[in-house]
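Below is one structure, written out as structure tokens, with a few remarks after it.
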Amino acid sequence: MSRRKPKAVFMAFGTKGDVYPLAAIAAAFASDQKQYNVILITHSAHESLSSHLGEKHVEFCAVSSPPVLSADQNNDIEGEAKSSFLLQKKKITRDHRRECFSLIERIFGDEPSLDGDLIVINFFALEGWSLAECFSIRCIVAAPYVVPYSAPATFERQFQREFPLLYRYLIEAPAGKVCWKDVDHWMWPLFTENWGSWRNDDLHLSPCPFTDPVTGIPTWYDRPQSPLVMSTFITDLCTSQQFYHLIHLNTSTAYWPSRVRVCGFWFLPIEWQFSCTKCRETLLYDSSGHQYEKDNLCPRHLELQNFVKDTPIFIGLSAIGSMGFLKDPHSFIGVLQAVLSTTNYKFILFTGGYEPLESVVRTIATEATLDQNSWSEDCLSLYNGRLFCFFSSIPYGWLFPNCAAVIHHGGSGTIAAALQAGTPQVVCPFVLDQFYWAERMHWLGVSPEPLGRNHLLPDKNDNRSIQEAAHVLSLAIHVALSSRVKTRAAEIAEKIFLEDGVSDAIKYLKEELSLN
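According to this note's numbering, the stretch in the sequence shown is residues -18 to 497, in order.
Listed below in structure tokens is the structure:
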């Protein structure tokens, strides 16, 4: 009987900025290690990756859960509405975990695991940690963001009180073994009831990792290795020790697990990022199929191509709308209109597929013109052609070098693309690691101080709120367009140009697996 191939599963959940970087690593790993069967597990919403991954011999496996599930972010839903949302969230979570288990069981369940098998997860795919334990597979973390969330301030004290023996087990761990730093850095959610009941009831593991499922006491006889954690940053800016200080300027290096590894940013191939097949073919390939650089888009998107010749300012909030933050698109558009009325800027707005925003844009356009026949299916202009609204997708790697500045939410993917392009930024963070990135961009000198969310999305749709927000946004743009910020952004881009973050990740994976 022939020996099966080792398998590498990449589990990545969340928005594009969370998933695409792991897809890039999966494709590169499959190309470098042809003896592996490589699989990407993610949301069906990212189905556009499937054909590209298939060309790289990576199997695409989808789960039906949405990338984002969120009620009103101001927590003002209550009563029956809140109860309904919580029930819906509970059902989606239960179904999501069941689908994940079914996929991993199909991939690994028929035969004993091999030493070379692995599951690579991002921080929104913590299911993978417990599933790896269940099937005796090595688990590795690949985080395109540095820290998605911190443990509650009381977590360590509560942990020590509830699990005194396990706390001692982790504190006294020998070098190289799982220890308290791993828990404090990223593992802490695995010890909450949210995961414990699933581990116990569905996977038949102990509710708490590193404890015996029968006695509940720590597995003193079995201390696993501290897992490899790969994170992205600009490696040329710092040594590994400096990197730790960069992340938390007020935190000592002792906070970080010993097996954190720094990579450059993980960029998808640019040809994967077009929603328009004709644009992809026109921009990247000649008639012989050879890749080359060209500025032309397809005829259907000539309006976009012509608009960027004026070096507009990009505005995009990615999944912020679907997360529940963009409650009043009218006020958001009102802020942009107010800025346009007092400046000579031009804006290009990516709607991120958020239907309520696109509906408001089309309504404004309808009220402003009778010539709807001139509209394109996925783009239109407002306010005398100074606000260009785009409903589709074009690679940031193509667009950002043609923009004067990038106004965005602080997602790691957008941060990386703007840094790579050498384009100044204005960052308005909303959740999780976005606050970290916003502060770090200001610290690096490529953006002004972060905006408060009400400076892009006013709480009230009244003239005073909109004018105040527009004033703050205009000042931030003015700073971003200063020679100082432009120069610094160009310097950072030169450093990133010399990096290959995906190759960094492949190198660390090969070292972990003792591969040539």
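Ideal Cβ positions, reconstructed from N, Cα and C, are used throughout, including at glycine.
DSSP beta-bridge partners of E358: According to DSSP, E358 bridges with nothing at all.
Select from F214, N103, R142 the residue whose C-alpha is nearest the C-alpha of M168. N103
For T324, which residues in the same chain have their Cβ closer than 8 Å to its Cβ, ignoring the five residues on either side in sequence? For T324, the CB contacts under 8 Å within the same chain, skipping 5 residues up- and downstream, are S455, I458 in chain order.
Between Q222 and N18, what straight-line distance do the alpha-carbon atoms span, to the nearest angstrom? Model confidence at Q222 stands at a pLDDT of 39, short of 50, so the residue's coordinates are unreliable; what they give is reported in the following sentence. Roughly 35 Å between the two C-alpha positions.
Between the segment 149 to 164 and the segment 108 to 121, can you find at least three pairs of beta-carbon atoms closer than 8 Å? no
To which residues of the same chain is W201 closer than 8 Å at the C-beta, ignoring the five residues directly before and after it? Y150
Cα-Cα separation between Q16 and A(-11), rounded to whole angstroms: 10 Å
To the nearest whole angstrom, what separates the beta carbons of G(-2) and G392, a pair I think is in contact under 8 Å? Right, the Cβ-Cβ distance comes to about 4 Å (below 8 Å), so this counts as a contact.
I'd like the span of the alpha helix (DSSP H) that includes K(-12), first residue to last. Unbroken run through K(-12) is the beta strand (DSSP E), -12 to -8; no alpha helix (DSSP H).
Determine the burial state of Q139: buried for a count of at least 16 other Cβ atoms within 10 Å of its Cβ, exposed for fewer. The residue is exposed, with fewer than 16 neighbouring Cβ atoms inside 10 Å.
Decide if the segment 293 to 311 is in contact with the segment 330 to 344; the criterion is three or more beta carbon pairs, one per stretch, under 8 Å apart. yes
By alpha-carbon positions, which one of Y1, T196, G482, A385 ends up nearest to V243? G482
For A124 and R204, which I take to be in contact (beta-carbon distance under 8 Å), what is that distance rounded to the nearest angstrom? With 8 Å as the limit, A124 and R204 do not qualify as a contact, their Cβ atoms being about 24 Å apart.
Under the DSSP definition of a beta bridge, which residues are partnered with R445? Looking at the DSSP assignment, R445 forms no beta bridge with any residue, so it has no partner.
Beta-carbon gap between V408 and W418 smaller than 8 Å: yes
Cβ separation of I296 and G403, assumed to be a contact under 8 Å, to the nearest whole Å: Contact flag wrong, Cβ pair sits at about 19 Å.
For G511, which residues in the same chain have their Cβ closer than 6 Å to its Cβ, ignoring the five residues on either side in sequence? Nothing can be reported for residue 511: it is not among the residues displayed for the chain, which extend from -18 to 497.
Cβ pair N442, G315 closer than 8 Å: yes
Less than 6 Å between C-beta atoms, sequence neighbours within five positions excluded: which residues of the same chain meet that for R469? G426, V427
Anyone know if the C-beta pair for L321 and Y364 falls short of 8 Å? yes
Can you name, in chain order, every residue of its own chain whose Cβ lies under 6 Å from the Cβ of Y377, other than the five neighbours on each side? A398
Could you check how far apart the C-beta atoms of P48 and H77 are, in whole angstroms? I think they sit under 8 Å. Actually they are not in contact, since the Cβ atoms of P48 and H77 sit about 11 Å apart, beyond 8 Å.
Whose C-alpha, out of S212, P145, I294, is nearest the C-alpha of A198? It should be pointed out that residue 198 corresponds to Ile in this sequence rather than to Ala. Here the closest residue by C-alpha is P145.
Return the residue from the list V210, F172, E348 that minimises the CA-CA distance to R240. V210
Can the beta-carbon of L95 be found closer than 8 Å to that of P208? no
So, at 6 Å on beta carbons, what are the nonlocal neighbours of H33 in its own chain, with the 5 sequence-adjacent residues on each side left out? W253
With distances taken between CB atoms, is the gap from T292 to A385 smaller than 8 Å? yes
Check for me: the beta strand (DSSP E) holding F144 runs from which residue to which? Taken as a continuous stretch (DSSP letters only), F144 belongs to no beta strand (DSSP E), as it is neither H nor E.
Note the first and the last residue of the continuous alpha helix (DSSP H) segment covering H390. No alpha helix (DSSP H) holds H390; DSSP gives it neither H nor E.
Starting from T213, trace the beta strand (DSSP E) both ways and give me its first and last residue. Unbroken beta strand (DSSP E) run through T213: 210 to 213.
Check whether the Cβ atoms of I375 and K327 lie closer than 8 Å to each other. Their beta carbons are not under 8 Å apart, which means I375 does not touch K327 by this criterion.
Drop a sphere of 10 angstroms on the beta-carbon of V195, count the other beta-carbons inside from all chains shown, and report buried for 16 or more, exposed for fewer. exposed
At which residues does the beta strand (DSSP E) containing H498 begin and terminate? Residue 498 lies beyond the residue range present for the chain, which begins at -18 and ends at 497; the question has no answer from this structure.
4-residue-minimum alpha helix (DSSP H) runs that sit fully inside the segment 310 to 353, ordered along the chain: 310 to 323, 336 to 349
Strictly by DSSP, which residues pair up with A123? M211
Spatial neighbours of T173 within its chain, please: CB distance less than 6 Å, with the 5 preceding and 5 following residues excluded, ordered by chain position. none
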